[in-house]
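Trainee: My questions will all concern the structure given below.
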Amino acid sequence: MTTQERLQQAAELLAPWTKSTATPEDVRLDVVIDAADLGAAVAALHGARWGYLTAITGLDDGPDAGGLQALYHFIGGAAVVTLRVSLPYDNPTVPSVCGVLASASFFERELAEMFGVTVVDTPNPDRLFLPEDWPDGAYPLRKDYTDVPAPQAD
Amino acid sequence: MTQPIEKIETPKGERFIIPIGPQHPALKEPGHFEFTVDGETVKDATVRLGYVHRGIEKATESRNYIQNLYLLERICGICSHTHAMTYSLGVEKLAGVEAPPRAQAIRVIVAELERIHSHMLWLGVAAHEAGFDTLFMYSWRDRETVMDLLELLSGNRVNYSANVLGGVKFDITPEQAGDVLKGLDFLEGRNRHYLDVVSNDALLLGRIRGVGVMTQADAERLGAIGPTARASGVALDVRIDAPYIAYKDFQPALITETAGDLEARFKVRVREIEESIRLIRLLLEHLPEGELVARMPRRIPAGEAISRVEAPRGEAFYFIKSNGTDTPARVKVRTPTIFNMATVLSLAKGLQLADMPMILVGIDPCFSCNDRMVTVREAERAETWTWNELREHGIKVYQR
Amino acid sequence: MTSIIELLLFPSGLFVLALGLAYEWVDRKLLAQMQNRIGPRWFQPFADLIKLLAKEEIVPEGVNRVLFLGLPVVALAGALTAALYVPLLGLAPAYSFPGDLIVTVYLLSLLTLCMGLAGANTLDRFSLIGATRTLTQLFSYEAPFMLALLAPALVAGTWQISGIVAHADGQWMLLTQPLGFIVAIIGLMGKLEMPPFDAPEAETEIVAGALTEYSGRGYALFRLGKNVELVVGLTLVAAFYLGGVLNPIDFVLKTGGLLLVMVGVHAVMTRMRIEQTVGLWWRYGALLVLVQILIQLVWKVAAA
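Protein chains in written order, with my numbering: chain A, 211 to 364; chain B, 579 to 978; chain C, 1263 to 1566.
Pasting the structure below:
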């Protein structure tokens, strides 16, 4: 299967949930979907054995440009399909995809602790990289984060 | 042991946990694994990462593109070239610039030398974990050859600093090429010997054959990558699936094994060294003429780029978002180890405690790759110390 | 007066301690050379010992203090006592009585037993696992090793070490009893926890095994005990299987040769898992040495 055929197939698989698409590069396909549809879209790709989830990128574009995004990058050969989910600052929530893809657990934990995105039903909600005593509500990769809040006296 | 004593006592039925790391001779790297054992059999495993978070992803957002090249090269001490190259490829994509053919070839040569260096390092470490120190000493002695070659080319043994945005920093002269070829001849001979050892040494096979078997289905389900996946028969190699730079013209062969056990992981890596040697020879023979650097704009046009490179441990994935200034809006780094880490935890169950260090090392974990985001400071002592204050404190503590 | 000198200076006491350190150096240096390293200088084991003795001894919480401090002393005392019964340097043993072979072998096991107890005494997980492995290994090699030393005793018809040595004088039992010799030398490696039998102290798994919590003097004494055990074990095997030890030069050559073989085996081997070690000893070690003894008995009956 050529890369273009792969992308074509992915586009068809994701069609029911697609809100808009873009092709930033020949080998890439960006699909914007709703957070609620994430589970179904991932299941569709997985069910057709289309590639593997290579990473979940969190993005903070700042309040003017539309807030947070979660990018789910799938790779099949040379083709890269990105599921793009926009999230509001107040209570950003995505469903866990670990039910379909067990390997997503680490990425979801990273997304949760670094961007403050609530991942519903993720099998292990513990912190992955940040220390246990990291203050709640401080999400280091958000743009408004500049330093650790001063510690409170006990 | 930091736990209070009453917790350590384990009446019947309670869990007996063997901690490995962050300070443990098996793992001279800061990860913390906990293995719940029943006698010698491992029942459960968990991992805790992040002991040396450095905040690199956040740090990239306050540095310009050129500064970031040097920062990202320092993510990992072993696959430093990989990170710099993946980042350069991404930025070049955003700028619409392609490195000249000679630069591409030199990038690949350094990348393959780095792969040899990384795999030989791994061979030594894995042998040491198995208690085979002689193989460890020999493979690290021979690894000096490839380190010397890298030093010959770049002037550095670890952070080669080969990449600049738009090309490479140094050329390979015909004399240097001759020296590299000579070094490769030596390495090839030694490598054949190591392949013989890992395929035929009875006692070593007793420790690695049939241990930690990961089937192809498991490897795909758990998201194994790189040599770990290839040892289970998964045909995954970015150099072949999505060829980049000079790999388009100089294709490496796909190396896979089907057994999926530790022996297969040994063999895949040793055979990959062989393949890398072949590739470097080919490239040195057909080194294209021309410029070393293409001109890069200072401000990178807005956009998002994804770049993928086959690091010695598997696919390295970069997502770079530019907002049109001279600093990136976001650099996402996904290193191969984090991908493979999940396989360790699931493989561990049911095996012997004695196998744990080897299983752990079997994926060639790289903790500096894993931990890269945030500076960790104890909450109750969050003031920042200057160098002099730190020194005074140190003197005070050790004076008594 | 003589016995005090014998106990404290020569052949036991200081002399055997110095000899043990010298043999440790030979062991480390040879291994380093085989592994393409330079290795330590001749005084390194001595320097290590002084450093350890000078260090503070930390007694961890929750252990039986008396046992923790007493076990290393008992272990070293056992090994030093064993040294009194063997023909060190090719000289006659300081003490001798019928049946001293049995006593010597058990005095040597005392060290291992003490290490196991020391590990079990602490609450550290690595020590506990190490102690379990140490004792498991003890029960696997002990019987075959004992039998391998009994085979020459059977030939000599005595349980007294000096008697066996006198009988073995100039007669290389290595040639007539090759199986027994192999088991004896491998058994000695197991006893000393040399690779491939170093699962009880596998540093990449359980740090330092049973002795993980030991530091300073206790650790130094255990190490010394090991060194003495090395000398005593080498002497026994050389005297029994390599035609006795006649004079100091003969002693150094023969024990040195044995050590070279042991280090060579060490250098080319991967560490075995504990269940592999046990399997090896009970499946092959015990079998080999029993075959050897059977041959010996049949031979003896046939010759008589």
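We put the beta carbon where it would ideally sit given N, CA and C, even for glycine.
Remember, predicted model here, so these are calculated numbers, not experimental data.
Report the partner residues of residue 297/A according to the DSSP bridge assignment.
Mentor: Reading the first sequence from its first residue, position 87 is the one you call residue 297/A. Answer is 278/A, bridged to residue 297/A.
Trainee: Starting from residue 661/B, follow the beta strand (DSSP E) in both directions and report where the run begins and ends.
Mentor: Stepping through the second sequence from its first residue, residue 661/B is reached at position 83. From DSSP, residue 661/B is part of no beta strand (DSSP E) but of the alpha helix (DSSP H) over 658–673.
Trainee: Would residue 212/A count as contacting chain B if we go by Cβ distances under 8 Å?
Mentor: Taking the first sequence and counting its residues from 1, the one referred to as residue 212/A is at position 2. No, no contact with chain B.
Trainee: Taking only runs that begin and end inside the stretch 1304–1344 of chain C, name each unbroken alpha helix (DSSP H) of 4 or more residues, in chain order.
Mentor: 1306–1316
Trainee: Within the continuous alpha helix (DSSP H) that includes residue 623/B, where are the two ends?
Mentor: The residue labelled residue 623/B in the question sits at position 45 within the second sequence. Premise fails: residue 623/B lies in the beta strand (DSSP E), 619–626, not in any alpha helix (DSSP H).
Trainee: Closest Cβ-Cβ distance between residue 647/B and chain C: below 8 Å?
Mentor: Within the second sequence, numbered from 1, the residue matching residue 647/B stands at position 69. Not an interface residue.
Trainee: Quick check on this structure: which residue in 1415/C, 1434/C, 1433/C has the alpha carbon closest to the alpha carbon of residue 1425/C?
Mentor: Counting from one through the third sequence, the residue named residue 1425/C turns up at place 163. That would be 1415/C, whose Cα lies nearest to the Cα of residue 1425/C.
Trainee: If you compare alpha carbons, which of 282/A, 249/A, 285/A, 291/A is closest to residue 233/A?
Mentor: One-based indexing of the first sequence puts residue 233/A at position 23. Of 282/A, 249/A, 285/A, 291/A, the residue nearest in Cα terms is 291/A.
Trainee: Taking 6 Å as the limit between beta carbons, can you name the residues of its chain near residue 288/A, skipping five residues before and five after?
Mentor: Counting from 1 along the first sequence, the entry for residue 288/A is found at position 78. The residues are 213, 237.
Trainee: Suppose you measure from the CA of residue 762/B to the CA of residue 331/A; what does that come to, to the nearest Å?
Mentor: As a working mapping, residue 762/B is identified with position 184 in the second sequence. As a working mapping, residue 331/A is identified with position 121 in the first sequence. Taking the straight line from one Cα to the other gives about 52 Å.
Trainee: Pick from 1505/C, 1312/C, 1341/C: whose alpha carbon is nearest that of residue 1438/C?
Mentor: Sequence index remark: in the third sequence, residue 1438/C carries index 176 (1-based). From the listed residues 1505/C, 1312/C, 1341/C, the smallest Cα separation to residue 1438/C is found for 1505/C.
Trainee: Between which two residues does the beta strand (DSSP E) holding residue 885/B run?
Mentor: Start at 1 with the first residue of the second sequence, and residue 885/B comes out as number 307. Per DSSP, residue 885/B belongs to the beta strand (DSSP E) from 881–889.
Trainee: Hey, out of 817/B, 792/B, 864/B, 617/B, whose CA is closest to residue 835/B's CA?
Mentor: By one-based count along the second sequence, residue 835/B stands at place 257. Closest by alpha carbon: 792/B.
Trainee: Kindly indicate which three-state DSSP category residue 1357/C falls into: helix, strand or coil?
Mentor: The count along the third sequence starts at 1 and reaches residue 1357/C at position 95. Reduced to three states, the DSSP call for residue 1357/C is coil.
Trainee: For residue 741/B, does the three-state DSSP call read helix, strand or coil?
Mentor: The residue labelled residue 741/B in the question sits at position 163 within the second sequence. Here residue 741/B sits in strand by DSSP.
Trainee: Who are the near neighbours of residue 920/B in its chain, counting only those whose CB is closer than 8 Å to its CB and skipping five residues on each side?
Mentor: For the purposes of this step, residue 920/B is taken as residue 342 along the second sequence, with counting starting at 1. Excluding sequence neighbours, residue 920/B sits near 800, 801.
Trainee: Does the CB of residue 953/B have a neighbour CB from chain C at under 8 Å?
Mentor: In the second sequence, residue 953/B corresponds to position 375, counting from 1. For residue 953/B, the predicted model reports a pLDDT of 30, less than 50, meaning its position is unreliable and no value from the coordinates is stated.
Trainee: Is the shortest distance between the beta-carbon of residue 1460/C and the beta-carbons of chain B less than 8 Å?
Mentor: One-based indexing of the third sequence puts residue 1460/C at position 198. Taking Cβ atoms only, chain B reaches closer than 8 Å to residue 1460/C, which makes this a yes.
Trainee: Between 1513/C, 1381/C, 1546/C, which has its C-alpha nearest residue 1326/C's C-alpha?
Mentor: Position 64 of the third sequence holds residue 1326/C. Distances from the CA of residue 1326/C to each of 1513/C, 1381/C, 1546/C were compared; the closest alpha carbon is that of 1381/C.
Trainee: Rounded to the nearest angstrom, how far is the Cβ of residue 789/B from that of residue 845/B, given a contact under 8 Å?
Mentor: Stepping through the second sequence from its first residue, residue 789/B is reached at position 211. Stepping through the second sequence from its first residue, residue 845/B is reached at position 267. No, residue 789/B and residue 845/B are not in contact; Cβ-Cβ is about 14 Å, not under 8 Å.
Trainee: Per DSSP, residue 262/A forms a beta bridge with which residues?
Mentor: Within the first sequence, residue 262/A is the residue found at index 52, counting from 1. In the DSSP output, where bridge partners are listed per residue, residue 262/A has 285/A.
Trainee: Report yes or no: is there a C-beta of chain A within less than 8 Å of the C-beta of residue 583/B?
Mentor: For the purposes of this step, residue 583/B is taken as residue 5 along the second sequence, with counting starting at 1. Reliability of the predicted coordinates at residue 583/B is poor, the pLDDT of 37 falling under 50, and the value obtained from them is presented with this limitation in mind. It does not; no Cβ of chain A falls within 8 Å.
Trainee: Could you please give the first and the last residue of the uninterrupted beta strand (DSSP E) stretch that includes residue 896/B?
Mentor: Looking up residue 896/B in the second sequence gives position 318. Where residue 896/B is concerned, the enclosing beta strand (DSSP E) stretches over 892–900.
Trainee: Measure the C-alpha to C-alpha separation of residue 898/B and residue 637/B and round it to an integer number of angstroms.
Mentor: As a working mapping, residue 898/B is identified with position 320 in the second sequence. As a working mapping, residue 637/B is identified with position 59 in the second sequence. C-alpha separation (whole angstroms): 14 Å.
Trainee: Against chain C, which members of the stretch 697–709 of chain B pass a CB distance test of less than 9 Å?
Mentor: 705, 706, 707, 708, 709
Trainee: Strictly under 8 Å for the Cβ-Cβ distance: is residue 931/B near chain C by that measure?
Mentor: Taking the second sequence and counting its residues from 1, the one referred to as residue 931/B is at position 353. It does: the Cβ of residue 931/B has a partner Cβ on chain C nearer than 8 Å.
Trainee: Give the residues from the stretch 895–926 of chain B that approach chain A closer than 8 Å (Cβ to any Cβ), ordered along the chain.
Mentor: 895, 897, 899, 907, 908, 910, 912, 916, 917, 919, 920
Trainee: At which residues does the alpha helix (DSSP H) containing residue 232/A begin and terminate?
Mentor: Reading the first sequence from its first residue, position 22 is the one you call residue 232/A. Run containing residue 232/A: none in the alpha helix (DSSP H); it sits in the beta strand (DSSP E), 230–232.
Trainee: Is residue 297/A closer than 8 Å to residue 324/A when the C-beta atoms are compared?
Mentor: Counting from 1 along the first sequence, the entry for residue 324/A is found at position 114. Counting from 1 along the first sequence, the entry for residue 297/A is found at position 87. In terms of Cβ geometry, residue 324/A and residue 297/A do not form a close pair [threshold 8 Å].
Trainee: Alpha carbon to alpha carbon, how far is residue 627/B from residue 890/B?
Mentor: Stepping through the second sequence from its first residue, residue 627/B is reached at position 49. Stepping through the second sequence from its first residue, residue 890/B is reached at position 312. Taking the straight line joining both Cα atoms gives about 21 Å.
Trainee: If you count every other CB in all the chains shown that lies within 10 Å of the CB of residue 300/A, and 16 or more means buried, which is it?
Mentor: The sequence position of residue 300/A within the first sequence is 90, counting from 1. Its Cβ having fewer than 16 others within 10 Å, residue 300/A is exposed.
Trainee: Answer yes or no: does any C-beta atom of chain B fall closer than 8 Å to that of residue 1288/C?
Mentor: Translated into positions along the third sequence, residue 1288/C becomes position 26. No, no contact with chain B.
Trainee: Which two residues bound the contiguous beta strand (DSSP E) that contains residue 1414/C?
Mentor: In the third sequence, residue 1414/C corresponds to position 152, counting from 1. Run containing residue 1414/C: none in the beta strand (DSSP E); it sits in the alpha helix (DSSP H), 1387–1418.
Trainee: If the cut-off is 9 Å on Cβ atoms, which residues from the stretch 1521–1535 of chain C count as contacting chain B, listed in chain order?
Mentor: 1528, 1529, 1530, 1531, 1532, 1533, 1534, 1535
Trainee: Nearest to residue 1301/C by alpha carbon, out of 908/B, 715/B, 692/B, 700/B?
Mentor: Start at 1 with the first residue of the third sequence, and residue 1301/C comes out as number 39. It is 715/B whose Cα lies nearest to the Cα of residue 1301/C.
Trainee: Is the Cβ-Cβ distance between residue 903/B and residue 877/B less than 8 Å?
Mentor: Counting from one through the second sequence, the residue named residue 903/B turns up at place 325. Counting from one through the second sequence, the residue named residue 877/B turns up at place 299. Contact: yes.
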